[in-house]
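Let me begin by presenting the structure, written as structure tokens, before commenting on it.
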Amino acid sequence: MLEVVGVAADDALLADWSARVERGRARIGWMPSLAPRYAGRTSRTPVSARRHRAGASLALAAPIDQLYTATELNEWALAAALYARDPTRWAGLEAAMVRAALESTAPPALPPVLDEASALDRLARLATLEARPQLRARIEQAASIGLGWMFDDEGLSIGEGAGHASFSVDGLSDPEAVPWASLRNVPAALVTGSNGKTTTVRLLAACARAHGLRTGYNCTDGVFLDGELLASGDFSGPMGARTVLRDSRVQAAVIEAARGGLLRRGSATNRADVAVVTNLSLDHMGAYGIDDLDAMAAVKLIVTNLVGPGGLVVLNADDPVLVRHVAQVEAPTGWFALDVDAPWLRAARAAGAPTCGVRNGRLVLTQAGATHDLGAIVSMPLTIEGSATYNVANLAGAALAAMALSLSPAAIREVFARFGGNAADNPGRLMRFDLGGLKVIVDYAHNPEGLRGALVVARKLAAHGRLLLLLGQAGDRGDADIAALGEVAARSQPDLVVIKEMKDYLRGRVAGEVPGILRRALLGHGLTAGQLLEQDSEIAAARAALSAARAGDAVLLPVHGVAARGEVLALIERLRSAAWQAGTGLPE
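In terms of numbering that gives the first Met the number 0, the numbers along the sequence shown are unbroken and rise by one, the last being 587.
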């Protein structure tokens, strides 16, 4: 995919650009059938161009072994279309392309040209030089028998987890070198959405472990095997998926697929047994040309393309955008909602789809005519006596996905009855502590919808005390998105907001810029200057909020950095061990 910013991309330019790409694909010999198959399907749109607020993008399908050539084709097609439109303005374009090529780490033997006949001859030669037919042959063999596969700079792997084998590209020339009889897939789930991804991943992984399977999973906190940390950091993209699926100990895999990874790199794998889309919210708008919820839906629903006819796509029926976009989902669907008897779920059940939701205070799952009672909502620690409705939704979605992985209802019930009772079950997500009558919540709430849900829980815990809030945001959100976070905070009527600077998440902004936007939003929606404090780090802000608290209060600490979270949790543990009393100041 080639992204263009700062160039007027009207319909005429996109049409010319697309037509040149199509002619290039025809000259090289790329037909849709040469694109790798996902869940038994090939690309339906070999060339796709779209405009967005910041510019335009064009994506094309190409064989997996000729992606560098595909990039060259896309760049030539755009450059040639621009030159044809305005030869004077773009007179130096060809020279600039040659200069950039020569300055690259691997200068090409065939420098770029704009003339179409010469350019297409060059691209055809590049494709021939880059082609690895033995690689494509092995991938097609794997796809033809339904095996998962992954290809990257480390080579090709076929099968998954305990049933996979890895090969260098040079080692694929001999078909007998692939031990086809020993290769297999493991039960695999993909989870995406705006909020609740990591919680859903952890729930599914816990259910798989309770069923007796060694389970690997990746999320924003790292890569894990049966709860053991293998790699720390944000691994919610393709690298995390590959790490899990290439671990020979893994008997079941749960993959978190975040928006950024899907947009930058696509999916690491070509198949899944189940895909879950938790919800959609106004977060990360404007990045990579995603300007609204409908565009975000298209991004999140990428994962559904990896589910075949025998799998299940699990969707949130309480999200109207997902309901509106269900027509683009080819795989069988299952639906969850807070009310299992909501009209959409009743219609889904009548059509034979599995559903999950709440009936008479109990979580109920229906599948193939059978009804499974998974327990009382108020008894599930993750729901905090039913007040954390977003976690009720996460439980319902996870239950459907677990059943689709053939995990037993007994294992699901057992996990749901205990998960969240221990802070280590779901690190960084709605972790609750009682410090001498002071209620403290550590959470990851990072967008308006997530913050709104966490504030509902915090207000319940505050009872008749005060509500204190830590507030900050990463710099890669738009001004309006940052201000919206401040508005949600203000509408909860907190008694004190400590605004934090997130130095590791400035992402192009200057220090103080994001706190300034938040401060103006908070003041603009009714808070006074006396209700606001500012601190220059997450840990300093957390200390300030705890210092200002007293018994009976609730303090909500949305902490985003993994290292900062570790420091905050260590501080809370020290306070708890010392039997610290709120209102007496923090010990050094």
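Glycine included, each C-beta is placed from N, C-alpha and C at the ideal position.
{"Asked": "Reduced DSSP secondary structure (H/G/I, E/B, other) of Gly-310", "Found": "strand"}
{"Asked": "Own chain, CB closer than 8 angstroms to Val-20, minus 5 neighbours either side, in chain order", "Found": "Val-46, Leu-57, Leu-59, Leu-72, Asn-73 and Ala-76"}
{"Asked": "Gly-515 in three-state terms, based on DSSP", "Found": "helix"}
{"Asked": "8 angstroms contact criterion, which Arg-241 and Asp-151 should meet: CB distance rounded", "Found": "7 angstroms"}
{"Asked": "Beta-carbon proximity check, Asp-120 vs Gly-427, cutoff 8 angstroms", "Found": "no"}
{"Asked": "For Gly-28 and Ala-142, the rounded distance between their alpha carbons", "Found": "21 angstroms"}
{"Asked": "Cα-Cα separation between Leu-12 and Leu-454, rounded to whole angstroms", "Found": "48 angstroms"}
{"Asked": "First through last residue of the beta strand (DSSP E) which encompasses Leu-109", "Found": "No beta strand (DSSP E) holds Leu-109; DSSP gives it neither H nor E."}
{"Asked": "Any chain B beta carbon closer than 8 angstroms to Thr-242", "Found": "Protein chains in the displayed structure number just one, and chain B is not present."}
{"Asked": "Extent of the continuous beta strand (DSSP E) to which Glu-227 belongs", "Found": "227 to 231"}
{"Asked": "Complete runs of the beta strand (DSSP E) confined to the segment 128 to 166 [at least 3 residues]", "Found": "148 to 151, 154 to 157 and 164 to 166"}
{"Asked": "Minimum length 4: unbroken alpha helix (DSSP H) runs contained in the segment 406 to 482", "Found": "408 to 417 and 447 to 461"}
{"Asked": "8 angstroms Cβ cutoff met for Ile-411 and Leu-466", "Found": "no"}
{"Asked": "Cα-Cα separation, Asp-114 to Leu-182", "Found": "48 angstroms"}
{"Asked": "First through last residue of the beta strand (DSSP E) which encompasses Pro-592", "Found": "Nothing can be reported for residue 592, as the shown portion of the chain is limited to 0 through 587."}
{"Asked": "CA nearest to the CA of Val-597, picked from Ile-498, Ala-55 and Leu-224", "Found": "Within the shown structure, residues of the chain are numbered from 0 to 587, placing residue 597 beyond reach of any answer."}
{"Asked": "Sequence-distant residues of its chain with Cβ nearer than 8 angstroms to His-634 (five each side left out)", "Found": "Residue 634 is absent from the model: the chain starts at 0 and stops at 587."}
{"Asked": "Start-to-end residues for the beta strand (DSSP E) that takes in Tyr-82", "Found": "From DSSP, Tyr-82 is part of no beta strand (DSSP E) but of the alpha helix (DSSP H) over 66 to 84."}
{"Asked": "Short Cβ contact (8 angstroms threshold) for Thr-214 with Val-190", "Found": "no"}
{"Asked": "Alpha carbon of Arg-451 to alpha carbon of Val-487, nearest angstrom", "Found": "6 angstroms"}
{"Asked": "Closest residue to Leu-404 among Asp-494, Met-379 and Val-275 (Cα-Cα distance)", "Found": "Val-275"}
{"Asked": "The beta strand (DSSP E) enclosing Trp-334, as first and last residue numbers", "Found": "332 to 338"}
{"Asked": "Stretch-stretch touch, CB-based, cutoff 8 angstroms, three pairs: the segment 158 to 166 with the segment 224 to 242", "Found": "no"}
{"Asked": "Residue burial classification, Thr-303 (beta-carbon count within 10 angstroms, cutoff 16)", "Found": "buried"}
{"Asked": "Where Asn-269 falls: helix, strand or coil (DSSP)", "Found": "coil"}
{"Asked": "Limits of the unbroken alpha helix (DSSP H) element including Ser-546", "Found": "537 to 547"}
{"Asked": "DSSP-derived helix/strand/coil call for Thr-242", "Found": "helix"}
{"Asked": "Close Cβ partners of Val-200 (< 7 angstroms) along its chain, the five nearest in sequence each way excluded", "Found": "Val-190, Tyr-216, Cys-218, Val-253 and Glu-255"}
{"Asked": "Spatially closest choice to Asn-315 from Thr-44, Asn-278 and Met-501, by CA coordinates", "Found": "Asn-278"}
{"Asked": "Cross-strand partners of Phe-223 (DSSP beta bridge)", "Found": "Tyr-216 and Leu-228"}
{"Asked": "CA-to-CA distance, Asp-338 to Ala-479, given in whole angstroms", "Found": "32 angstroms"}
{"Asked": "Three-state secondary structure (DSSP) of Gly-356", "Found": "strand"}
{"Asked": "Endpoints, beta strand (DSSP E) assigned at Glu-21", "Found": "Premise fails: Glu-21 lies in the alpha helix (DSSP H), 10 to 27, not in any beta strand (DSSP E)."}
{"Asked": "Cβ-based burial, Asp-173 [other Cβ within 10 Å; buried from 16]", "Found": "exposed"}
{"Asked": "6 angstroms Cβ shell around Ala-422 - same chain, five flanking residues per side excluded", "Found": "Met-430"}
{"Asked": "CA-to-CA distance, His-445 to Ala-540, given in whole angstroms", "Found": "16 angstroms"}
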